[in-house]
Structure formats: structure tokens, C-alpha cells
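Residue numbers (the working numbering): 196 to 1149. By construction, the Cβ of each residue, glycine as well, lies at the ideal position given by its N, Cα and C atoms.
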């Protein structure tokens, strides 16, 4: 034991001294191992610090209160909830009964003697230095001790008067205001002074202001209603403090009154799942990950970690071999003084141990420092503040152990190779005869065949992506194992090459021990890049083929539906100024009720309209059955499939395109037809004659009219809907013209002029516009329009049709750059080792009069040969997983398509046919540019002249 300890201590001291002497090589290997450790450790620290403790969550949710009482809007019926109070459902099953809805009296559920603080939330368009900004308005007495922790104060003070507010820092930044500024709201004549700035720790990017209860929302709602618009009702909750808090039994007691509770005591000590009645109800069970799924996740994680370690080992292994080769005289002296082969192996392995430990320490320390320094940046990116800084030593030690293990694994092969050299060969510098293993290529071939068979099985027979990925990984490992034999096959092409590349290729083939790892490292990186690139290129081709334009190319649309279209004129003018407009078509929408109602508003005095589809034109699969029921269940799967594919009433093509309004009814003029590219004189004439132009024949009845129903009593309509009965309302029939052929209307199902709508007794409101452009707007014009729209503070649905846009180009370029860097790095390491090995040959060339440039060109070709072999093999190996995954996806989509047809869900979609596209641009860059760049770089950094000395006997 003592001898073993002293021998290893001496080996580690020698390895540490050698690492310090060869600082460049040591730094390179350390960086290769430390960078992944840095990234994984930083990720671990970030995730752990973003996970809040139960106490921290409670402080942010309910402050210093014992509970928060919510109204789930179930009409006060008993409810069930989860322990956090975020999910709830009525305790009773309402399968064949109307679903309960409406407010509950929360105050009735608050225990007597409790301390209560109201917390109301609404929204308003607030004035800013830039215009208007839709902002969340919160009424909570933030200075109360019970609210401590909900909105931490950053600057100034809390509001104390009715005309004072404080704002989140994000709102101040977005609005251009500051503490001391004043603000108001649209349709509101009151002004408020900002007296403080705060933040919401769980939502840093929220635009919010805080006022005292009753100081803003109630008077603002009166002002909005006075202007003829509808104000949304604020949501209200209650912070409650009670001696002893609220246990899980207390929470369930409150649930019987139709109120949900977020309790501090329950958050800190949640009940078991078996004690939560909600989890026992159908559809609300908590499903835990199965053992098989967990095993699959662990296997996938292990595969990724193993492949990453293999890549680092393949890159770092030749670097350790370079060190062992340059220290062969030292190792020979160890053997000459009685050292055994185990001592030689220990010295080389200690080099991996020293570098691995240094990489582990460096990566972990840098991860800790970077996480601390970049914590504000990470918090802003994640949109939430971290809790207390947590460090889990066991996790970091496990990650660091991977670095040490990687260093040891990378040094194993060089250690074994160095220990096999005789003392005489090490002292004299002789290389001897090296033979490649004949077993390893056979093992690699077997792994390649088995892995390919597994991937083929997964893509053709099975539908599991894991099987395809696992088989592809095994096949790639097989190719890596076959690399020495494949390098030998490349050597047969040397007879047709000039002197320098022939020498480089011969040297690479004769010294496969150093060439194969570098080639394998390049192979692994390029294979992954080619696999991902092929998959993404194929996916891009699929998306391009499936892309459906929402509008004609170069056409833009902008719609505004809130506040009765009040901002539509301003939006129209903004688009006219910013874009190179050719034809502009203003459009309106049909409105029922007060002018300020939203299309889907349910406020008092609001309504809606429906385009009635004649019963004869309704698809039998989707027909409404009085009393409830699914009409498609009347038919067999074959009948459903036949209806979906053959019955025009059941096809979806008529409803494709951009969603505009309910039923696709738009009010406009002939300019809209021109913008949409519909050039039919008969259609233009019918529109001018006061008829509705219909693009969907399902809307037109046998009498040639379209029926429009105005629903004014929404409560009666909802009750009728619960019974699957038509909504009551006044029906108006308008003469229609069905556009012949299959004109593409881009979501417009029917079009009528404002005069036709008025004649039919229909009220209209501004909706927006369509514009065709002379040319596609550039980035500056789009930014100008975005800025003008932002000043309005309205929700504008803006779309510019520019055709299919590939969003994966930058990713493909990044992957190619990554593979190129790995290739150049691996090839550079192999070149350094080759130069150490070929020093005698270079001296011989110089002695016989070879020009100085031969040394430089030989070095370049040595690097280029390694890069070219790795790129060629990696490109071939990377195609397999991508093809397998695409075939698996195709089979999965075909299965879903058949299920949809059988269930009667969709019939107009074609049979999936996923293309497989090879990214030739990426491959060309890898096959040509990367090896050429590696060769040129190696040639540039190599000295033309070496020191001429006596050539040693070999």
C-alpha cells in the first residue's frame, strides 16, 4: 500500500511538472474538458436557484397574510381545489346539466375576526411619453404589513393618497416616465402622480401600476361607460390573516362555499395526494412518470453524456499522446532506472488526472462566479427573481467527477501505448513496428450492422423515436470503432497524389494510433451536424410545402376590435404612411348592441350575430342534435371517412385562410376584391347591385340568400346553447351571389358593402384595412409602423404576407461553424502529433535539399487529410439517424391522419408525405471548405525552416 501510494504521488508530481512545462497543450485540453463542465454546472446552479422554496413562493403570492381567498366564478357552488389553489372544479358532476358560472360571495366565506386586505386587478390604457400603453392596474394597500413581499419597493414610497400611484420598473422603462411624473388614462380626466417604483418578483416584465383600493378602477369604469364604451370588470381577491392560519381541513370547509384558498400553512405542509378530493375525480388525477419512462429518460441522458465524453476523449486523447511522445525519453529513463510498465502508465494517466482535476475545479469555480455575476441578467431573461443562492455540493461534485473521469479516459490509450514501448526504443527515439488491432474493426462492423438494423426497425416497424436514436448512436459508435480500418482504406488513394499530400496520407495511415482518434472526433462532430442539418432541412421542406399563405404576396392587413374600433382610423393612416401602398381597402364588421361592444363581449347591452347555415348544407357529422349528443357517432368509421373525403359539406377548404370575423363575414367594397386578387366582373357587379358575395357555398340557401341572425339576448342564447338549440334572434335574409369556381378568398367567406348592410338593418363598426403594396416593406418601414401602432396602445392584429420564411438558416449556419471548429481543432491536434512523429522525416527532407516550403505544405496536408477523412465519414454516418427519424415521423402522421378520418375530424388534408432533403450547402461547406481551411491554417502556423541537426538512427 505504501509503495503504491508513493509511486502514484511521484507520478502525479511528474505529470504536474510536465503539464506546467507544456502550458499551451495543457490549456487546450483543460479548456476542452472545462467548458462542458462550466456550462452544465452553470445550468445546474441557475435551475436550482430559480426553484423557490415553499416559504419564498408563499411570500410572493400572499405576502405576510395567512391565505388568499379567490372567486373561481362557479356561482358559489361547492368546489374542489388543489393544494396551491391554482386549479379548481365544481364538486358536483355536471355532465348533462348546465355548467355553473357566475360570481360567489367571497366575504361570506371569510371567518369572523379575520384581518382582511382587498386586492383588485383591472386594466387601462395609460398615457405615456410615447402615446398609450395597455397596463395592468392593481388596487392593493401595498404599505400594509400584510402585503409585505408581494411588490417590493425599489424607489420612492408607497401610495398614501387617492391621487398617488406607484409603478413597476418595467412600466417606467416602457413608458418613458419616472418617479415624480404624472399619468392618466384614456377616457379619464383624472391624473395621478407616480410616487414610487416596485417590481413583481415572479413577473419582472409586467407593466403594472398600484393604487389604493377604490382610487382608480371604480372611477375609471364610470368614465369609460360614460363615453359609451364597456369596461371590463376587475378581478378581486382577499388577503386574509387569522390566528392559527388555515389548515387543509379549513381550506376544504371554505371550498363548500364556492371559494378557493391559497393557504400558507398548506403551501408549507401540503397534504398527501390521497387526501386531495380533486385528485380522486375523473380527469383530475395526478399522473406520475412511469418507471419505463424514467428509465428511457435516464438512458437518453446517459447516451448524451456518454457521446459528449467520447467526443472530448477523442479530441483530448491525441493531445495526451503528443505529451507522451515528447516525453518518451523521460519515460525511458524511468524504465531504465527500474520503473515498471505500471509506473509508465501511472505517469501518463496522472497527466489525465491532473488535467481532469484542474478542469473540474476551473469549470466549477467559473460556474459559481459567472452565476453570481450574471444573476441579474439571468433573472431578467427568465422574468423572475431568484430565491436564496443555493449550492448543491453533491450535484456539483458529480459534474466535476465527470471531468476527472473524462481526463482519465482520454489518457488511457496513450498510457497503454507508452508503456508498451521498450526502454531502448524510448531512449533512442525509435518508433518500431505498430500493428493495428484486427478485433476492433470487427466489433465496429458488428455494432454498425446491429445499430443500423435497430434504427431501421424503429423507423419502419416501431413508432418510437428512442429506438431510432439508440440504434443510430450504436451505429455511429461502430463507425468510430472502424475508423482505423477505414483510414487504411483511404491510404490506397495516395498513389495518385503529388508528393506532399502523398507523404501526409502515408504518414496518417502508418500512424493510425494518432490519426484514428482525431478522425473519429471529427466524424462524431460532423455526423451530429449532418444529422441535425438533414432533419431540419427536411422539416423546412415539409413546412414550405404545407405553408398556406394567409394573404396574397405583399398584401398586409390590420384589424382592431376593442373599444368599438375607435383606433381604426389612426391605424389606417399609420399603415398608409409607413408602407408603400398600392391599393387600400377599408373594411368593417357587423355589430350587435352598443357601439363600444367587443365582438365576443358579454357585457350588458352587447350581442352577437350568426350567419345561419341552411340545414341542407350542414355536414351530417357536425349537425346539431337537440338535447345534446355527437352526430358523428351515428356513422361507422368507413362512412365518416367517405363523407370527409367525398361530401363537399364536410371539407375544410372553404374555411381555410386568415381568421377575420365570425363566419368570415366582412363589410367592404370592390377594392377588397382587387387586393385579394379576385378579378371577376360578375362578382364586382353583384357586389355593386347590393348582393352579398359568397365564397363558401354552404352559406347560400336554396333561395339564393344568406341568412344573418342578430342575437340580442345573450343569456337566452347561452341557455339555448346548453340544450343544443338555436339561439333566439332576428333573422334577416340578404340576396347572395356565389362566386363560381374555386377563387381563393383568404378567409373571407362573404362580403357585402356598407350600403347593403344598412339596407338589411345591420349595424357596422370599423374593423381595419387590407393594402396591396408596390414592393415588400423593408425593415425600417415595418419598425416605423410598429412604433406608431405602439403609441396607440391598442391590440392591433397586423399581418404582412411575405411567403414562406425559413427560420432555421441561422441554426444550420451555427451547426456548420461548430462542426468546422471541432474539425479544425481535432485536425490541428493530430497535426501536432504528426509533426512530433515526423521530425526525423523532416530532417531527412531538409538534409537532401528539399525546399523550405515542403515542411509547411506537408503540415497543411497532414491537417487537411485528417479533416477530409473525418468529414467524409461523418457525413455518411449522419444521414442514417435523420432518415430514420423522418420515416418514423411519417408513419406517426399517417396513423394520426387515418384516425382523424375514422373519427370524422378532418377530411380535406392530404395523406402525409414527409420529404427527406439533404442540405447540400452545409455538406459542401463541410466537405470542401472545412478541410481546405484546416489545411491552410495549419500551413500558415507552421514554420518553414526547422533546426537542422543530426538525423538519429531508427
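When Cβ pairs closer than 8 Å are counted between the two stretches, the segment 878 to 891 is seen to touch the segment 934 to 946, the count reaching three or more. According to DSSP, residue pairing for residue 282 in a beta bridge does not occur.
Within the same chain, Cβ atoms closer than 7 Å to the Cβ of residue 214 are found at 221, 546, 549 and 550, the five residues on either side in sequence being excluded. Note on geometry: alpha-carbon atoms of residue 704 and residue 717 lie some 16 Å from one another.
Note that the C-beta distance between residue 971 and residue 993 is not below 9 Å. Under the DSSP assignment, residue 757 falls outside any alpha helix (DSSP H); it carries neither an H nor an E label. Between residue 270 and residue 295, the beta carbon gap of about 4 Å places them in contact (Cβ cut-off 8 Å). Of the candidates 405, 396, 415 and 249, the residue whose Cα lies closest to the Cα of residue 380 is 415.
In chain order, 275 place their CB closer than 6 Å to the CB of residue 284, counting only its own chain and leaving out the 5 sequence neighbours on each side. A distance below 7 Å between beta-carbons, with the five flanking residues on each side excluded, links residue 306 to the following residues of its chain, in chain order: 437. Assigned with DSSP and collapsed to three states, residue 1073 falls in helix. In this structure, the beta-carbon distance from residue 351 to residue 332 does not fall below 9 Å. According to the DSSP assignment, residue 838 belongs to the alpha helix (DSSP H) that extends over 832 to 841.
Residue 786 carries a strand assignment under DSSP once its states are collapsed to helix, strand and coil. With contacts defined as CB atoms closer than 9 Å, residue 863 and residue 766 fail to qualify as a contacting pair. For residue 276, the enclosing beta strand (DSSP E) starts and ends at 274 to 276.
Counting along the chain, no beta strand (DSSP E) covers residue 897, and no H or E run does either. Residue environment: residue 577 is assigned as exposed (fewer than 16 neighbouring CB atoms within 10 Å of its CB, all protein chains considered).
In this structure, the alpha-carbon of residue 675 lies about 32 Å from that of residue 216. In the DSSP assignment, residue 359 falls outside any alpha helix (DSSP H) and lies within the beta strand (DSSP E) extending over 359 to 363. A Cβ-Cβ separation of about 6 Å places residue 673 in contact with residue 646 under the 8 Å criterion.
When DSSP reads this structure, residue 433 sits in a beta bridge with 264 and 313. When secondary structure is reduced to three states using DSSP, residue 930 falls in the strand class. When 1111, 451, 558 and 1067 are compared, the shortest CA-CA separation from residue 1125 is found for 1067. In terms of Cβ geometry, residue 225 and residue 554 form a close pair [threshold 9 Å].
Following the DSSP letters along the chain, one finds residue 828 in no alpha helix (DSSP H), marked with neither H nor E. Per DSSP, the beta-bridge partners of residue 994 are 752. A straight-line Cα-Cα distance of about 9 Å links residue 753 and residue 966. The straight-line gap separating the alpha-carbon atoms of residue 363 and residue 259 is approximately 20 Å. Short of 8 Å from the beta carbon of residue 990, and not among the five residues preceding or following it, lie these beta carbons of its own chain, in chain order: 329, 755, 756 and 757. Counting along the chain, residue 862 sits inside the beta strand (DSSP E) bounded by residues 860 to 862. Exclusion of the five residues before and after residue 595 leaves 555 and 559 as the residues of its chain whose Cβ lies within less than 6 Å of its Cβ. Going by beta carbons, residue 638 and residue 666 fall outside the 9 Å limit.
Comparing alpha carbon positions, the residue from 248, 792 and 443 closest to residue 472 is 443.
Residue pairing from DSSP places residue 889 in a beta bridge opposite 933 and 945.
With a cut-off of 8 Å on Cβ pairs, the segment 894 to 912 is not in contact with the segment 871 to 882, counting fewer than three such pairs.
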